[in-house]
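So the protein sequences, as listed, match chains X and G.
Numbering-wise (our numbering), the first sequence opens with residue 31 and increments by one.
Numbering-wise (our numbering), the second sequence opens with residue 189 and increments by one.
Cβ atoms here follow ideal geometry from the backbone N, Cα and C, with glycine treated the same way.
Note that the structure is predicted; figures quoted are calculated from it, not measured.
Here the structure comes first, spelled out in structure tokens, and everything after it is commentary.
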Amino acid sequence: MAFPQPRPQAPQLPQHLLRTVDCQQGAVRAVRFNADGNYLLSCGSDKSLKLWSVSRGTLLKTYSGHGYEVLDADGSYDNSQLCSCSSDKTVILWDVATGQVTRKLRGHAGKVNCVQFNEEATVILSGSIDGTVRCWDTRSRRFEPIQILDEARDGISSVKVAQHELLTGSVDGRVRRYDLRMGQLHVDFISSPITCVCFSQDGQCTLSSSLDSTVRLLDKSTGEMLGEYTGHKMKGYKLDCCLSSKDTHVLSCSEDGHVYCWDLVEGSLSLKLPVGKAVVQSLSFHPTETCLLTAMEGRVQVWGAEPEETEEDTMAS
Amino acid sequence: MSSDSEEDFVSFGTPLEPLEEGADEPLKKPVPLHEQTVKDEKGRYQRFHGAFTGGFSAGYFNTVGTKEGWAPSTFVSSRQQKAEKQQARPEDFMDDEDFGEHGIAPREITTSQEFWSSRRDEVREKARAVNAQNALIPGDTLLEELIAPARLSIGVELLKKMGWKEGQGVGPRVKRKARRQQADGGSRVYGCVLPPAGSEDSQNEDDNDDEEFAPDNVTFAPKDVTPVDFTPKVGVQGLGYRGLDPGLALLGRGGSEHIDLFRPKAETRGLFGDAGRGSRRGGVAGQAFGVGALEDDDEDVYHKDSMSRYDNVLGGEEPGDGLYGWTAPQQYTKKRDKNKDAAYLGKILEGFTLAQKAAEEKTIFPPPSLPRDYRPVHHFRPSLDVSVLSGVSPALAEALRVSTGHMVKEEPQQGGGGGGRHQMDSDQRRTLLGEDTLQGPSSVMELLRPEDRQRLLNLRSSSSKPATPVSHDALRLAGSSAVGGGASSGLQQEALAAWKGVQMSSQTFRPFEKNPSKQARYELYLTRLKQGDRDALEQSLDPAVTEWERSREREEFVRASILYRPTSSSLSSRFTRAKQEEDEDAVEVSRDQEGDVDDKQAAANMKMFGRLTRETFEWHPDKLLCKRFNVPDPHPGSGIVGLPKVKRDKFSVFNFLTATESRETSAPPKPSESGKKSRWDVSDQEKKKSDPLSELLSSARQQTDTKLEQTPVPALPASSSTSSSTSSIRAEVKTEEQTSSNKKKAEEEQQEEEQEEESRPPMDLFKAIFAGSSDEKSSSSSDGESDDEEDVKEDKAPNLFNITCNTSVTSSVTSTVTSTVTYSQQTVFSSQNSTRQEEEEFGPKLPPPSDKVRGGAASPGEESLRKRSKEKIHKKKNKHRKEKKKKKQKKHKHKAKEQKKKKEEEEEEESDSSEEDGVSTEELLKRLKSVRSHQTR
């Protein structure tokens, strides 16, 4: 299906603050849900990676081993492994339970901006400021990457994996999609430096936010623009964008301290979520439910569709 | 043992148990001799010989422990159990008897090699060495010492670890004074002769001196004891017998001297008895020998000893200060030159004394003084002397001299006996080595036409008279060259020699491309040269011009022809082509290169994403990656990983500048595009269309540029280090500009050129560089673009995106214009601000942590702006450009394609670098503002 079926009731938006987690790890560079959305990972600028429970907001484990601030993290599908990348040019594969470093992957020439497991957690993909995406094998004990994708002419700011496709966004203003099954590389030129790319849940579209304060929804197969979402401010910082779990909305961080939420089809701004005064650095949408994580400065905030305690807020909305 | 006696005596040790009287058990009957058997510890009958030593009871006990005895094992090896390689040792066949105390391989606890004291006993050897002085052959341990490995026993090593040094005594360190007194006291008590008073004074002085240099806290090691030789005396000589001393015997020394029995020889004479103490008549003498028949006096036959000849004291007087034992270094026993130490003003390091001998001074020779008229440039002597006069081209003469040496005879080393291999020519060497003759002509002489060769031979014969031009040709040549000046005549010859007989090579350098008629004349000249025409130059010159111009042109032609002469075919026949292609000057670049960025930029600005901005390449994932992703390999067996690469010329800078490929030479139409037409594919030219923004920008820039052109000196003021390189390049450009003849024409075209190109530098730069090559094309493209703009406007209706249909395209275009203008405004500001900011950052930065957070966490500065990174990239590009410049000057190859690339490249650079430029950006900004306000109104 090209687009989700229209729902009888209006899709809910994560507009109620459920809880705020003060991570105590410096600025939170990235916040990520795990595969099932029960836990969250926060990447701190104090070199630590922390695992939290979303529902209770309690700290479960701290993973320390990076030599510089952690920039991105991802959890494997079975929750047994984590991977994280850092400004210290390394990618680390963690064992979730013990908190030990399973593998420390060196090879990038600059800080590593983004990291992602593939679906079966057999490959880690890491994109670095050195302009390469490296595919690391988690199965073998090789310390060299399987393949280096060095087509980008500037730093890689974002990497995503969906089934057999890799999506990379680069500062050179291009979104590259590597199709492993077809053996093809599709390059979409979006003149402004890309800060974040996403696949839609149905895998038919790609979402890319760029430094011209625009989020664009492109058709995956043709590269045509399906939607353009503006209004937020993204001019200098590497901020995240994402799609909601049902592909109904497009969300993006903004430098003005809000999370902007547009209706995907109409392109109209449906929610402007005030997070705080500073820059909303990272956000992550729950894989199935209407739940949003935002990271601002040292705090992670959990937003839900309905307030936990009171029912009045839902009435208000 | 009675109780009485116990009280009387003091007993030491534990007493033995009192013997029990055999009251309880009866005495054992003594076993008779024939019944006595020897049994081992296991109760077995003891055999007196093991199996290896001829035992008589070989069998059960004697063999390897089985009743059957030792059986040879068969070799068994299976897959599960690999046969181990067995190395049978002799020990495998020995029983414990053999290993026993009396066996052939006794196993007992012995001192290992390391702890073996007899390995090398320093003290004992020393003693032996001392004793050997008295032995029959003095110093016979020397040989042993030479041979024996220098290893130390563990005791000595331990002592050394504890700080002991050889030559010192063992024991606690003592203060010097106390020990000295002790020694003095000893000598005083036992010495038979009191030391003279003077000497004691001097000793006191010594003590004082020592105190000066050795303070109280300095302790000294106790002196070494002179070891005593404990080697058992062998031989039948009497005690104290001293063997025949050859030194004594040969050099003769009075026997009436004081004989010191106990004094080690090393002290009295050098270690090996440096003789010459006294004078003695020669002949054999000694205690052991009697008086020969020839001896006169026989009063010494029965040696009369007197007690005065003996020492009464063991040890005797201390030599030196006793700091060392008898092994004291030779110079140490001498009196130190204390005055020298005292005279030394500087601080003497602890434990050091001044050197006895001054170190040998290194004589430093001054560099040779240069002659007054020396100039550090070597001028090669022109080698024209022979050839110019004789009419042979210098190159030919040079070649002759090198190849066979026939030509030149006057070289002095040629006549020097024909000795060294460097004086042999290649033929001689070849015959010596027995190699085959080379393919092709062996000498240049053979390559010449017969008449030329004849002429040369004549020349050679007449070369003894150097100053006479011989041949008719040469005379004529001399006449013709007199017109053009003497200096160029040699060059003319050279050019002729170089070009003669050359087949027309398809690609030659065209130096006078700007001036077609001149170029035509030059080509005429070249063709005549190739035909071997000697008057080529004169005939090809333009008769219509003035004499001065002609001479000038003549010189230019000759120089150009020499500079770009082809490799001689005769020369190239002596070389073979390489069997394998060298990869050195090829580099791998991506086969599919990304198309024009400008097109895509325009499309992106128009929000026409899709076909225009999409490019698809063939990409080869790694096999393992496919496996990990559970997909089949899309290109099975391709063996390529990544984008397919092709080899390109390494030295082409354009391999690395793929982004700015020109329109004409850019990759052939993408397969996806060529397949079907969509509504976007209006025409190729549409891509070149510029949007209103770029027009706006370029118009603004044009104004700034025209302003800048009025200021003569540096083209653009260099505001920062970033733009310094740019300015230097521009200066370079300026110089070229002056040389170019059709500058004016370029300036005219600049106006229209700039309107079409967004953010372009002044076009005359390119004109100056690539004069005359791209004029037609650019003008035509400008025409096309103006037409295309209307097309696009008409086309806009179908451009609407099927989703975002709320805004009309025209309005969206204008909105993007304004937004981008503001954006560029901001970037300009940011670029100005960011000069002081951190440089390491690339790409979009991370938001700064809050102040509260920043205090504790180690968050690095993330303040650098994106602009910064852009600047970096541009710097790199500028570098590329510089390289390119150099290349251009070197190669002088004008390929239209490359020019296009360069042009495209520079457009982008210029736009970027001008953004960086402080002044120009400000001005640009002003223009922009004004224009924008104009538009909004």
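- In this structure, Asp417/G lies away from Arg277/G, with their beta-carbon atoms at least 7 angstroms apart.
- A straight-line Cα-Cα distance of about 8 angstroms links Thr801/G and Glu254/X.
- Taking 7 angstroms as the cut-off, the Cβ atoms of Ala65/X and Gly129/X do not count as close.
- Within the stretch 201–218 of chain X, contact with chain G at the beta-carbon level (separation under 9 angstroms) is assigned to Val201, Asp202, Gly203, Arg204, Tyr208, Asp209, Leu210, Arg211, Met212, Gly213, Gln214, Leu215, His216, Val217, Asp218.
- With a cut-off of 8 angstroms on Cβ pairs, the stretch 806–824 of chain G is not in contact with the stretch 783–795 of chain G, counting fewer than three such pairs.
- DSSP, reduced to helix, strand and coil, places Ile342/G within a helical segment of the structure shown.
- Against chain G, the CB of Gly287/X has no partner CB under 7 angstroms away; the residue lies outside that interface.
- Taking C-beta atoms as the reference points, Ile159/X and Gly185/X count as a pair closer than 7 angstroms.
- Any Cβ of chain X closer than 7 angstroms to the Cβ of Ala790/G would place that residue at the interface, and such an atom is absent.
- The three-state secondary structure of Asp167/X, taken from DSSP, is strand.
- For the pair Val295/X and Ser275/X, the Cα-to-Cα distance works out to about 15 angstroms.
- Take the alpha-carbon of Gly306/X and the one of Gln331/X: they are about 10 angstroms apart.
- Along the stretch 821–833 of chain G, the positions whose C-beta sits under 9 angstroms from a C-beta of chain X are Asp821, Pro822, His823, Ser826, Val829, Gly830, Leu831, read in chain order.
- Secondary structure note for Cys235/X: its beta strand (DSSP E) is the uninterrupted segment 235–240.
- Counting along the chain, the unbroken beta strand (DSSP E) around Cys291/X starts and ends at 288–293.
- Assigned with DSSP and collapsed to three states, Asn319/G falls in helix.
- Counting only residues of its own chain and dropping the five nearest sequence neighbours on each side, Phe745/G has a CB closer than 7 angstroms to the CB of Tyr710, Tyr713, Leu725.
- In the DSSP assignment, Phe805/G falls within the unbroken beta strand (DSSP E) covering 802–806.
- DSSP, reduced to helix, strand and coil, places Ala57/X outside both helices and strands of the structure shown, so it counts as coil.
- Nearest in C-alpha terms to Asp125/X, of all of Ser117/X, Asp118/X, Leu112/X, Lys119/X, is Leu112/X.
- Within chain X, not a single residue places a beta-carbon under 8 angstroms from that of Arg361/G; the smallest gap is close to 53 angstroms.
- Judged by DSSP secondary structure, Pro704/G falls within the alpha helix (DSSP H) whose first and last residues are 704–718.
- The C-beta distance from His316/X to Gly140/X rounds to 32 angstroms, too long to fall under 8 angstroms, and the pair is not in contact.
- Those residues of the stretch 303–315 of chain X placed with their C-beta closer than 7 angstroms to a C-beta in chain G are Ala308, Val309, Gln311, ordered along the chain.
- Assignment of Met794/G by DSSP, reduced to helix, strand and coil, places it in the coil class.
- With its beta carbon at least 7 angstroms from every one in chain X, Gly291/G lies outside the interface.
- Proximity to Val58/X across Val217/X, Cys73/X, Gly161/X peaks at Cys73/X, based on C-alpha coordinates.
- The beta carbon of Arg204/X sits closer than 6 angstroms to those of Val217, Phe219, all from its chain and outside the five residues before and after it, given in chain order.
- Here Glu327/X is buried, its C-beta having at least 16 other C-beta atoms within 10 Å.
- Using a CB distance cut-off of 7 angstroms, Asp787/G does not count as an interface residue toward chain X.
- Leaving aside the five residues that flank Ala192/X on each side, the residues in its chain whose CB is nearer than 6 angstroms to its CB run, in chain order, Phe229, Gly233.
- With its beta carbon at least 7 angstroms from every one in chain G, Val61/X lies outside the interface.
- Contact note: Gly105/X does not reach chain G at a C-beta cutoff of 8 angstroms; the least C-beta distance is about 18 angstroms.
- Interface residue (Cβ-Cβ distance to chain X less than 7 angstroms): Gly355/G is not classified as such.
- Using a Cβ-Cβ cut-off of 8 angstroms, Asp810/G is close to Cys165, Ile176, Gln177 of chain X, given in chain order.
- Contact check for Val829/G and Gln177/X: beta-carbon distance about 6 angstroms, within the 8 angstroms limit, so the pair qualifies.
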